[in-house]
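For the record, the sequence lines run as chains R and Z.
Numbering-wise (the working numbering), the first sequence opens with residue 1 and increments by one.
Numbering-wise (the working numbering), the second sequence opens with residue 1001 and increments by one.
First the structure, in the form of structure tokens, and then the observations on it.
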Amino acid sequence: TQLLEQSPQFLSIQEGENLTVYCNSSSVFSSLQWYRQEPGEGPVLLVTVVTGGEVKKLKRLTFQFGDARKDSSLHITAAQPGDTGLYLCAGGDNQGGKLIFGQGTELSVKP
Amino acid sequence: GAVVSQHPSRVICKSGTSVKIECRSLDFQATTMFWYRQFPKKSLMLMATSNEGSKATYEQGVEKDKFLINHASLTLSTLTVTSAHPEDSSFYICSAIPLGTSYEQYFGPGTRLTVT
């Protein structure tokens, strides 16, 4: 059974601070996706990484896929209150499009 | 692009009744859709994979006779919670993979089901 361990599960920081969220697995994934979800809404796709070692940037967010495609990280620079939400990583394994989700990281950025 | 809608967004029903939730891909076709359940402040739990024109594939522990899934067209999948009980109260979310792609899932806004 493939598992994706996401950490930390809760993070409360002040505006302007930096943070990193990690997703780790013993399994290789063909793709890794990061989503952000706000209360009462569905997850919104932020980025997809597919190549080992790949780095993608989305404004203040930097996503990295590990060389072996077993882990990924999300780094947010100078966090803002608008970044508050549940961040989910999800790994794809080419089996009919199914995703394996991490436990999620509940981020709270205080002004 | 890649917009998925769900209807209703919220529903309250009495114990023992059935509730149908619709998931539609608005601007793309999808042969595969997924149904998830989410508890407060928790991650998504995959319930089943819905394939257009064939029977859904249910995850271990999910009762297929209780959670009926129909994927009748390339833009619509439905989830019917039969004989609902209070423990079925939850946030149900669907997602869809655009035809011709293989891994990016686009999610609907979710349906909050409350069974009284």
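No residue lacks a Cβ here, since even glycine has one placed at the ideal position from N, Cα and C.
Only a predicted model underlies this, so the values are computations on that prediction, with no experimental measurement involved.
What are the start and end residues of each continuous beta strand (DSSP E) run of 3 or more residues lying completely inside the stretch 52 to 86 of chain R, in chain order?
Listed in chain order, the complete beta strand (DSSP E) runs (minimum 3 residues) inside the stretch 52 to 86 of chain R are 55 to 58, 61 to 65, 71 to 76.
Got a sec: is the Cβ-Cβ distance from residue 1102 of chain Z to anything in chain R below 8 Å?
Locating residue 1102 of chain Z in the second sequence gives position 102, counting from the first residue. Yes, its Cβ sits closer than 8 Å to a Cβ of chain R.
For a minimum of 3 consecutive residues, which ranges assigned as the beta strand (DSSP E) are wholly contained in the stretch 1006 to 1033 of chain Z?
Counting only runs of 3 or more, we get 1010 to 1013, 1019 to 1025.
Consult DSSP for residue 1087 of chain Z and reduce its assignment to one of helix, strand or coil.
Working through the second sequence from its first residue, we reach residue 1087 of chain Z at position 87. Helix, per DSSP.
On the three-pair Cβ rule with 8 Å, is the stretch 1051 to 1060 of chain Z touching the stretch 1036 to 1043 of chain Z?
With the cut-off at 8 Å, the stretch 1051 to 1060 of chain Z and the stretch 1036 to 1043 of chain Z do not touch.
Taking buried to mean at least 16 other C-beta atoms within 10 Å of its own C-beta, is residue 98 of chain R buried or exposed?
Taking the first sequence and counting its residues from 1, one reaches residue 98 of chain R at position 98. The residue in question, residue 98 of chain R, is buried, as its Cβ has 16 or more Cβ neighbours within 10 Å.
CB contact below 8 Å: residue 15 of chain R versus chain Z
The residue labelled residue 15 of chain R in the question sits at position 15 within the first sequence. Not one chain Z Cβ lies under 8 Å of residue 15 of chain R.
Once the 5 residues before and after residue 22 of chain R are set aside, which same chain residues still bring their CB inside 6 Å of it?
Reading the first sequence from its first residue, position 22 is the one you call residue 22 of chain R. Exclusion of the five residues before and after residue 22 of chain R leaves 7, 73 as the residues of its chain whose Cβ lies within less than 6 Å of its Cβ.
How many Å lie between residue 1071 of chain Z and residue 1026 of chain Z at the Cα?
On the second sequence, residue 1071 of chain Z is found 71 positions in, with the first residue counted as 1. On the second sequence, residue 1026 of chain Z is found 26 positions in, with the first residue counted as 1. If you take the alpha carbons of residue 1071 of chain Z and residue 1026 of chain Z, they lie about 15 Å apart.
Got a sec: is the Cβ-Cβ distance from residue 1108 of chain Z to anything in chain R below 8 Å?
For the purposes of this step, residue 1108 of chain Z is taken as the residue at position 108 of the second sequence. Yes, because at least one Cβ of chain R sits closer than 8 Å to the Cβ of residue 1108 of chain Z.
Identity of the residue in Z:1036, Z:1096, Z:1110 nearest residue 1062 of chain Z by Cα:
As a first step, residue 1062 of chain Z must be located in the second sequence, where it is residue number 62. Nearest neighbour of residue 1062 of chain Z by Cα position, chosen from Z:1036, Z:1096, Z:1110, turns out to be Z:1036.
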